[in-house]
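A.B. asks: Residue numbers (the numbering used here): 25 to 178. Heads up, the beta-carbon is just placed ideally off N, CA and C, and yes, glycines get one too. Take this structure, written in structure tokens, and hold onto it; I'll ask about it next.
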């Protein structure tokens, strides 16, 4: 890990020889257009998941974990579309092309604008956003001022 003063990382939170402070946990939630949610009755629960297209923008295990947590036996690998970029996956969801699993912290503006809905449960991603610095730096005034400012922005 190479940085001089401080950094914010999204990870499981293991930083040997560094001070770290969890700013907030990541949350994964399925999102789609309001029309897609209505067409597949997603507001009624998980019983219609066998009919939806799952949009992947990374490792399929995120969807598998969500389905496990939701107690669904749907196989998301059977009806999926893969996008190499998170932004493309969200655009596909906005265009009613399927159900995307994204990080809630990045989708809130689209949900507030009505472009996306989150009709199903959210889960913790197992990762979070951490403020990290070399051990000992956390005692310095400049780090403490920066850390306080970052927390005020959240």
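Taking C-alpha atoms, which residue in 178, 165 and 151 lies nearest to residue 33?
C.D. replies: Reading the chain shown from its first residue, position 9 is the one you call residue 33. Distance from the Cα of residue 33 is smallest, within the candidate group 178, 165 and 151, for 151.
A.B. asks: Near residue 25, which residues of its chain fall below 6 Å by C-beta distance, leaving aside the five closest residues on each side in sequence?
C.D. replies: Sequence index remark: in the chain shown, residue 25 carries index 1 (1-based). Summary for residue 25: the model assigns pLDDT 49, below 50, so the residue's position carries little reliability; its value from the coordinates is reported in the next sentence. Cβ neighbours of residue 25 beyond the five flanking positions: none.
A.B. asks: Alpha carbons only, please: which of 120, 130 and 144 is nearest the one belonging to residue 87?
C.D. replies: In the chain shown, the residue the question calls residue 87 occupies position 63. When only C-alpha atoms are compared, the closest one is 144.
A.B. asks: On the CB-based measure, 16 or more other CB atoms within 10 Å of its CB, does residue 177 come out buried or exposed?
C.D. replies: Reading the chain shown from its first residue, position 153 is the one you call residue 177. Exposed, because fewer than 16 other Cβ atoms sit within 10 Å of the Cβ of residue 177.
A.B. asks: Considering only DSSP beta bridges, list what residue 31 is partnered with.
C.D. replies: If you number the chain shown from 1, residue 31 lands on position 7. BP columns for residue 31 point to 156.
A.B. asks: Comparing alpha-carbon positions, which option in 174, 54, 53 and 76 lies nearest residue 64?
C.D. replies: Here residue 64 refers to the residue found at position 40 when the chain shown is read from its first residue. For residue 64, the nearest C-alpha among the options comes from 76.
A.B. asks: Go to residue 115, then tell me how far its alpha helix (DSSP H) extends in each direction, as first and last residue.
C.D. replies: Position 91 of the chain shown, counted from the start, is the residue given in the question as residue 115. Per DSSP, the continuous alpha helix (DSSP H) segment holding residue 115 begins and ends at 110-118.
A.B. asks: Per DSSP, which one or two residues make a beta bridge with residue 48?
C.D. replies: Position 24 of the chain shown, counting from 1, holds the residue named residue 48. DSSP, once it has assigned bridges, lists 153 as partnering residue 48.
A.B. asks: Are residue 202 and residue 93 closer than 8 Å when you measure CB to CB?
C.D. replies: For the chain, the structure presents residues 25 to 178; residue 202 sits outside this window and is missing.
A.B. asks: Tell me which residue opens and which closes the alpha helix (DSSP H) that residue 92 is part of.
C.D. replies: Here residue 92 refers to the residue found at position 68 of the chain shown. Run containing residue 92: 85-93, per the alpha helix (DSSP H) assignment.
A.B. asks: Less than 8 Å between CB atoms is the rule here; does residue 96 satisfy it with respect to chain E?
C.D. replies: Of the chains in the structure shown, none is chain E; there is only one protein chain.
A.B. asks: In whole angstroms, what is the alpha-carbon distance linking residue 121 and residue 83?
C.D. replies: Position 97 of the chain shown holds residue 121. Position 59 of the chain shown holds residue 83. For residue 121 and residue 83, the distance between alpha carbons rounds to 19 Å.
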